[in-house]
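Worksheet: the structure to be examined is printed underneath.
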Amino acid sequence: MSTTAMYSAPASARMRRPRRIIRSGRESTSHLSITTILLPAESNCRPYQRGFMIRSTSRVVFLLLCASSIALAQRVETPVASSEEEAMAALSSRIETLEQRLRALKDREAIENLISVYGYYLDKALWDQVADLFAEDGEIEISRRGVYKGKARIRACLDLFTAQGLTTGNLRNHIQVQPVIHIADDGLHAWSRHRAISQLGSYDGAAFQSGGLYENEYVKEDGVWKIKRDQVYTIFFTTYADGLFEGLGPAAAVSPDLPPDAPPSVDYAALPEVFIPAFHYRHPVTGRSIRSFASVPATTAP
């Protein structure tokens, strides 16, 4: 037997011999390493070359696997993150909408209360308290008396009706109904249209009844709603004793004792003529504006 044959392993042994790899300078007989597939032990590379190539290849494979894992993770996580962000954005928008609606409801309630408080103070001729419901630059226009501007002038205008506070035997009921309220998007301005029915008189004197329409404007200052402009149109004014039509009288005109700061904003006549003040809001179905209708003879009214 030759020396070569004596020291050579049988062919079957060579076939069964596990592939060898080098990890950090040590040999391993693992059959599952990715590097054993890429670089078999029977390679013609010299040992140091094989070790270098194995380490380099391992790094490349490791980096490729990392890159693949990151890409896969991004594909999996990005839609989830995006979905969560979209859900949070939708939720935030929904919350903001609900908060706006809640503020609008609270504002409407505050304005309704302001209208009612105004009526209760007016009932008892509490002029100081009525004037305090106005903004500093507020205005008041009652019937055809003209416009009074500023709280001091508003307070003076109220004295045209009677002195501060009711005396025994006097009645001044001021009933307000049918409010239609609109609030601006900024939440700082609002408008209302409502009706007033009044009962006026004294125990030993004359008694009157009247009806009017308000078209008012409001402003919120420091979180408090105040009257910006108070305008009431007299629809009818009549004596109680003579009845609704027999005792009709004209709408009150400008007072010579206390001239207004501006003339009446609208020239109109009360019953028996018909007058419809302009609406501050559009028709809720058609979206059209409804203008002020000029006075027309009652006989031609529908």
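In our numbering, the protein residues as written are 528 to 829.
Even for Gly, the Cβ is constructed at its ideal location relative to N, Cα and C.
Could you spell out where the beta strand (DSSP E) holding residue i opens and where it closes?
i, result
"Gln703", "Asn697 to Ile710"
"Gly728", "His716 to Ser729"
"Phe735", "Ala734 to Glu748"
"Asp664", "Phe661 to Ile669"
"Phe802", "Val801 to Ile803"
How is residue i classed by DSSP in three states: helix, strand or coil?
i, result
"Leu685", "helix"
"Ile817", "coil"
"Gln758", "strand"
"Thr624", "helix"
"Ser610", "helix"
"Ala617", "helix"
"Lys678", "helix"
"Ala789", "strand"
"Lys753", "strand"
"Ala631", "helix"
"Asp794", "coil"
For residue i, which residues from the same chain have a beta carbon less than 8 angstroms from its beta carbon, with the 5 sequence-adjacent residues on both sides left out?
i, result
"Leu559", "Reliability fails at Leu559, whose pLDDT of 41 lies under 50, so the model's placement of it is uncertain and the value that follows must be treated cautiously. Excluding sequence neighbours, Leu559 sits near nothing in its chain."
"Leu660", "Leu641, Val644, Tyr645, Tyr648, Lys753 and Ile754"
"Gln576", "Since pLDDT at Gln576 reaches only 46, below the 50 mark, its modelled position is unreliable, and the value read off the structure follows with that caveat. Nothing meets the Cβ criterion."
Short of 6 angstroms in beta carbon distance, which residues of its chain neighbour residue i, apart from the five on each side in sequence? Order them along the chain.
i, result
"Ser816", "Arg809"
"Ile702", "Ile724"
"Ala637", "Trp752"
"Ala780", "Arg671"
"Lys676", "Glu666 and Asp788"
What first and last residue would you give for the alpha helix (DSSP H) that runs through residue i?
i, result
"Asp655", "Trp654 to Ala658"
"Leu771", "Gly770 to Glu773"
Output needed for residue i: all residues of its chain with C-beta closer than 7 angstroms, excluding positions within five of it in sequence on either side, in chain order.
i, result
"Gly728", "Leu698, Ala734, Phe735 and Tyr767"
Look up residue i in the DSSP assignment and give the residues it is bridged to.
i, result
"Val644", "None; Val644 has no bridge partner."
"Thr766", "Phe735"
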